[in-house]
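Taking it in order: structure first as structure tokens, then the write-up.
Numbering (this note's numbering), first residue to last: 26 to 536.
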């Protein structure tokens, strides 16, 4: 007997082929949804457990901060009112980065109500950085019983408010603080009064910046204050610091920046300061300060034609004004210097031009790709050059032209090396979704490090292609770092559109 014929389903009772395919697809979808639901639950459980864990909570909070995700705002708002001072400080920094309406409101609450002055101080700094502190708030902050906060608030109040009552309050507060036992507070208060027109403070401040016994941190803060408040009458202080061989290189660089902020027509002085030093560490950033000034062309041009080691960087400054082949050649020469300070300078000019010009900054593409290719491939040690190659990758992806993206794709398609590791790390910081197809291919790499870079890049964009990777991570949490597992769990929620909702649930766990 032919059993196969006897048991065959009659044709009239069989599912059509199309229906069978549809059923198969639906079953697969249901299975995927079930797996997705399990992964979401595992992710939620892990984040809830870690956030209340005394040992790992701080690491998880830092990981959330690194995610730089607006959907995490409710969690950081809750952390800003935690009973744990360290968590409140971490929250302040994250809220300053998120910079949305709820974040600003939470920072204002911290400034007005927190019991720890360090947290209040952090909050006012973040609010001022966001330009979110109005005169009324600063007037109240100037009355807080902490001299550091009073000084910051009074200086800022004098700067932004034209109200005579505010001016009187700011001057009175600063006058009182010049007698502070804290040398830094007293010095900043004195310079605040100088900015308000009290020229009698100048001699006192000159003594402070020229006294070899003065803590360098005080001189540094005074220079930063001049830069921030553009205190033109403080120009002699900047000149004294620039001329002092006893000041550190970094403080003298800051003094050059302060001089440029203190008034116009400072090009000749800054040029002279640059020529007087033989240090690359000093000359390179001072060249940047000089090049940023309106009438610096003749000075920068003279450096470009000179035999100074920084001539290629000056040549770049001149050439980048006109995008094209000459500018591309100038970038190539600047990168060929290979000096760490010169590399950082060149990549910063690239970042500035890409933000300003977008695709028109494509004269950077070939030199940046060439530079990435030039770093040592066969090493386990990641050097400054590799870090710069990583940044160059980010810049190329941010630019996003077809040539830039395909160039990065080609580098990452080569054999595993320190070069490919550097480029893969560069994908992590881009905000261009064109990185996703490249990152998806990294998931197929046999090298775990490249898989991780690819997955985290995809996670940032909530791309489902990384779901399986993140599910494996949270299923084997004991074999991963807390940072990686926290990010994996968060990205699973993002991919499944559960992030915003669960951030509110996590906020309820904060104590």
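Backbone N, C-alpha and C define an ideal beta-carbon position, used for all residues, glycine too.
Because the structure is a prediction, the values reported are computed rather than measured.
- Reference residue 460; option with closest CA among 500, 419, 176 and 447: 419
- Exposed or buried, what is residue 282 when buried is set at 16 or more other beta-carbons lying within 10 Å of its beta-carbon? By the 10 Å Cβ count, residue 282 comes out buried.
- Message: Less than 9 Å between the C-beta atoms of residue 481 and residue 100, yes or no?
- Response: no
- What is the C-beta distance between residue 107 and residue 535, in whole angstroms, given that I count them as a contact (C-beta under 8 Å)? 5 Å
- Rounded to a whole number of angstroms, what is the C-alpha to C-alpha distance between residue 175 and residue 132? The straight-line gap from Cα to Cα measures roughly 17 Å.
- Task: For the alpha helix (DSSP H) containing residue 335, list its first residue and its last residue.
- Result: Taken as a continuous stretch (DSSP letters only), residue 335 belongs to no alpha helix (DSSP H), as it is neither H nor E.
- What residues in its chain sit with their C-beta under 7 Å from that of residue 34, if we drop five residues either side in the sequence? Because the pLDDT of residue 34 is 41, which lies under 50, any placement of that residue in the model is unreliable, and the number read from its coordinates should be weighed accordingly. Nothing listed; no residue qualifies.
- Query: residue 55 to residue 141, Cα distance in whole Å?
  - Reply: Reliability of the predicted coordinates at residue 55 is poor, the pLDDT of 40 falling under 50, and no value is obtained from them.
- Message: Let me make sure I understand the geometry here. Which of 408, 69, 389 and 446 has the alpha-carbon closest to that of residue 425?
- Response: Looking only at 408, 69, 389 and 446, the smallest Cα-Cα distance to residue 425 is reached by 389.
- Classify residue 157 as helix, strand or coil using the three-state DSSP reduction. coil
- Task: Leaving out five residues on either side along the sequence, give the residues of the same chain with a beta carbon under 6 Å from the beta carbon of residue 484.
- Result: 491 and 516
- What beta strand (DSSP E) runs, 3 residues minimum, are completely inside the segment 278-315? none
- Query: Quick one: what does DSSP say residue 140 is sitting in, helix, strand or coil?
  - Reply: coil
- Check whether the Cβ atoms of residue 225 and residue 274 lie closer than 9 Å to each other. No Cβ-Cβ contact shorter than 9 Å links residue 225 with residue 274.
- Item | First through last residue of the alpha helix (DSSP H) which encompasses residue 101 | 98-104
- With 16 other Cβ atoms within 10 Å as the buried cut-off, status of residue 342: A residue is called buried once 16 or more other Cβ atoms fall within 10 Å of its Cβ, and residue 342 is buried on that count.
- Compute the beta-carbon to beta-carbon distance between residue 366 and residue 309, rounded to the nearest angstrom, for a pair I have assumed lies under 8 Å. 5 Å
- Item | Span separating the alpha-carbon of residue 129 from that of residue 152 | 7 Å
- Whole angstroms is fine: what's the gap from residue 417's alpha carbon to residue 429's? 11 Å
- Is residue 364 helix, strand or coil when you go by DSSP? coil
- Query: Hey, quick one: how far does the alpha helix (DSSP H) through residue 495 stretch, first residue to last?
  - Reply: Run containing residue 495: 492-500, per the alpha helix (DSSP H) assignment.
- Output the distance between the C-alpha atoms of residue 264 and residue 193, rounded to the nearest integer angstrom. 31 Å
- Message: What does the alpha-carbon distance come out to for the pair residue 156 and residue 501?
- Response: Roughly 44 Å separates the two Cα atoms.
- Please report how far the alpha carbon of residue 391 lies from the alpha carbon of residue 353, in whole angstroms. 8 Å
- Task: Could you give the DSSP three-state label for residue 201: helix, strand or coil?
- Result: helix
- Item | Other residues of its chain near residue 296: CB distance less than 7 Å, five sequence neighbours each side excluded | 315 and 324
- Message: Quick check on residue 266: does DSSP put it in helix, strand or coil?
- Response: The answer is helix: DSSP assigns residue 266 an H, G or I state.
- Query: Between the beta-carbon of residue 371 and the beta-carbon of residue 64, is there less than 9 Å?
  - Reply: no
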